[in-house]
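*Asks:*
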Amino acid sequence: MRIADDSPALSANGLALAHVSDLHLPFEPELSWRQRLSKRQLSLWSWRRRRSRHRHEILDALRADIAACGVDHIVITGDLTNFSLPGEFIAAARWLSEWDAAERISIVPGNHDALVPVAAAEGLDRWAAWTGGGRWPYLRRLGGVSLIGLNSALPTAPLLARGRLGAAQLQGLEHLLGEEGAAGRIRVVLLHHPVADGAVSRRKALADRAALRAVLRRAGAELVLHGHARAARLDAIHGQGDPIPCLCVPSSSAVPNPKDQGARWHRLHFRMDGGEHRLAVEVRRWHEEAQAFVAGAAYELCLPRAAPAASGMARMRGPATAAASR
């Protein structure tokens, strides 16, 4: 667990986050015979069919656009790799280091980052600077906002991309949510797999999402950020009072294709307005003709109140696609 920046409240200008996901950083794999006798071989065949979907120029434009839009912190919700090869973890760490300072980036792993069992020293330990150092959940405090990172990634059988948190992580999450909520902080939960039912097929779903929703309902949270669904989503799940919004960003590096909505990232601006925490969401989408990210939809959420309330669905301003999970 890591704690940084213990400032108690939002500044006058609020706090801006960039949310990106499912980057699948380009990597030319060289599988040994031992590595081919695993799920990696199936992924290699799939990758050779779709490798043109995730492009270097989109990744370069993504970093440039985030810099131009001005954010305080970058959140990456998993799938930086394709095959969870040791070389990919090294390459991803190098890519992250070249992007920005480690204290300005927080990541959680995705199913491709745990495609098969990988020794920690050859895998996620390479990303310790951007995670909780291998302890889950981890906590990062940023000017009144608490980022709580979860690891839902685990090796699965071929053709499965499911996730699981487990009892220990759920217990740790409930403890952190309680402490950060009592301090009046905005609690943002980060994980790769969706929390709401129906966001992905059963073979790709979070196995203990009902248990996670129970924790969030008891302890409360203001926002959940995830990836994995490969399409932009806004779901709502039960909280202590107001429903908790769950935001998904599609792959931030993919051209539009039958499985991907097309590269996007979300600029999330937290601010206080009249005693309410508000979140302005600006969608930045890849424009193939312009070869750049351009403005898409924009909307605003009133985040759940810290104390239980009897209000209905989370209030929104502007266009958004929403699905509710009970």
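Residue numbering for the sequence shown follows the numbering used here, beginning at 39 and increasing consecutively. Using N, Cα and C, we set each Cβ at its ideal position, and we do this for glycine too.
If you run the structure through DSSP and keep just helix, strand and coil, what is residue 97?
*Replies:* It is helical.
*Asks:* Do the segment 212 to 222 and the segment 230 to 246 touch if we need at least three Cβ pairs shorter than 8 Å?
*Replies:* Too few Cβ pairs lie closer than 8 Å, so no.
*Asks:* In the DSSP assignment, find the alpha helix (DSSP H) that holds residue 212 and state where it starts and stops.
*Replies:* Per DSSP, residue 212 belongs to the alpha helix (DSSP H) from 205 to 220.
*Asks:* Name the DSSP bridge partner or partners of residue 314?
*Replies:* Residue 314 is bridged to 311.
*Asks:* Residue 334 lies in the beta strand (DSSP E); which residues open and close that run?
*Replies:* It spans 330 to 340 - the beta strand (DSSP E) in which residue 334 sits, taken as one unbroken run.
*Asks:* How far does the alpha helix (DSSP H) with residue 135 in it extend, from its first residue to its last?
*Replies:* Run containing residue 135: 124 to 137, per the alpha helix (DSSP H) assignment.
*Asks:* Can you look up residue 327 in the DSSP assignment and give me helix, strand or coil?
*Replies:* Reduced to three states, the DSSP call for residue 327 is coil.
*Asks:* Expressed to the nearest angstrom, what Euclidean distance is found between the alpha-carbon atoms of residue 283 and residue 191?
*Replies:* The alpha-carbon atoms of residue 283 and residue 191 are separated by roughly 22 Å.
*Asks:* Out of 332, 151, 142 and 342, which has the shortest C-alpha to C-alpha gap to residue 130?
*Replies:* It is 151.
*Asks:* What separation, rounded to the nearest whole angstrom, lies between the Cα atoms of residue 75 and residue 194?
*Replies:* In this prediction, residue 75 has a pLDDT of 45, which is less than 50 and means its spatial position is unreliable; what the coordinates show is noted afterwards. Computed Cα separation, rounded: 15 Å.
*Asks:* In whole angstroms, what is the alpha-carbon distance linking residue 309 and residue 198?
*Replies:* So the alpha carbons of these two residues sit roughly 39 Å apart.
*Asks:* By a C-beta neighbour count over all protein chains shown, 10 Å radius and 16 as the cutoff for buried, is residue 181 buried or exposed?
*Replies:* Label assigned to residue 181: buried.
*Asks:* Starting from residue 248, trace the alpha helix (DSSP H) in both directions and tell me its first and last residue.
*Replies:* Taken as a continuous stretch (DSSP letters only), the alpha helix (DSSP H) holding residue 248 covers 247 to 257.
*Asks:* Compare the beta carbon distance of residue 124 and residue 189 with 8 Å and say whether it is the shorter of the two.
*Replies:* In this structure, residue 189 does not lie closer than 8 Å to residue 124 by Cβ.
*Asks:* Which residues share a DSSP beta bridge with residue 275?
*Replies:* DSSP lists 282 as partners of residue 275.
*Asks:* Pull up the distance between the alpha-carbon of residue 169 and that of residue 144, whole angstroms please.
*Replies:* Going from the Cα of residue 169 to the Cα of residue 144 covers about 6 Å.
*Asks:* Tell me, to the nearest whole angstrom, how far the beta carbon of residue 285 is from that of residue 315; I am working on the premise that it is less than 8 Å.
*Replies:* Rounded, the Cβ-Cβ distance is 15 Å, inconsistent with contact.
*Asks:* Rounded to the nearest angstrom, what separates residue 343 and residue 48 at their Cα positions?
*Replies:* Residue 343 and residue 48: Cα-Cα distance of roughly 15 Å.
*Asks:* According to DSSP, is residue 160 helix, strand or coil?
*Replies:* Here residue 160 sits in helix by DSSP.
*Asks:* Which of helix, strand or coil does DSSP assign to residue 189?
*Replies:* Coil.
*Asks:* Between 54, 59 and 155, which has its C-alpha nearest residue 106's C-alpha?
*Replies:* Of the listed residues, the one whose Cα sits closest to residue 106 is 54.
*Asks:* How would you label residue 83, buried or exposed, when you count the other beta carbons within 10 angstroms and need 16 or more for buried?
*Replies:* For residue 83, the predicted model reports a pLDDT of 48, less than 50, meaning its position is unreliable; a value from the coordinates is still stated below. Counting Cβ neighbours within 10 Å, residue 83 comes out exposed, since fewer than 16 surround it.
*Asks:* Would you mind sorting residue 175 into buried or exposed? The rule is 16 or more other CB atoms within 10 Å of its CB.
*Replies:* Buried is the call here.
*Asks:* Going by C-alpha to C-alpha distance, which of 179, 162 and 121 sits closest to residue 172?
*Replies:* For the residues 179, 162 and 121, the minimum Cα distance to residue 172 belongs to 162.
*Asks:* Between the Cα of residue 104 and the Cα atoms of 332, 245, 341 and 184, which residue gives the shortest distance?
*Replies:* The option with the nearest alpha carbon to residue 104 is 332.
*Asks:* If distances are taken between C-alpha atoms only, which option among 281, 280, 270 and 312 comes closest to residue 323?
*Replies:* Checking every option, the nearest Cα to that of residue 323 belongs to 270.
*Asks:* Using three-state DSSP, classify residue 295 as helix, strand or coil.
*Replies:* Here residue 295 sits in strand by DSSP.
*Asks:* Rank 134, 240, 118 and 206 by C-alpha distance to the C-alpha of residue 111 and give the top, closest one.
*Replies:* Selected option, being the one with the closest Cα: 134.
*Asks:* How should residue 328 be labelled, buried or exposed, when 16 other C-beta atoms within 10 angstroms of its C-beta is the threshold for buried?
*Replies:* That one is exposed.
*Asks:* Name the two residues that bound the continuous beta strand (DSSP E) containing residue 113.
*Replies:* Unbroken beta strand (DSSP E) run through residue 113: 111 to 115.
*Asks:* Have a look at 254, 220 and 307 and flag the residue whose alpha-carbon is nearest the alpha-carbon of residue 207.
*Replies:* With distances taken between Cα atoms, residue 207 lies closest to 254.
*Asks:* When the Cα atoms are used, what is the spatial distance from residue 201 to residue 149?
*Replies:* Computed Cα separation, rounded: 7 Å.
*Asks:* State the Cα-Cα distance for the pair residue 317 and residue 160, rounded to the nearest angstrom.
*Replies:* When rounded, the distance between both Cα atoms is 38 Å.
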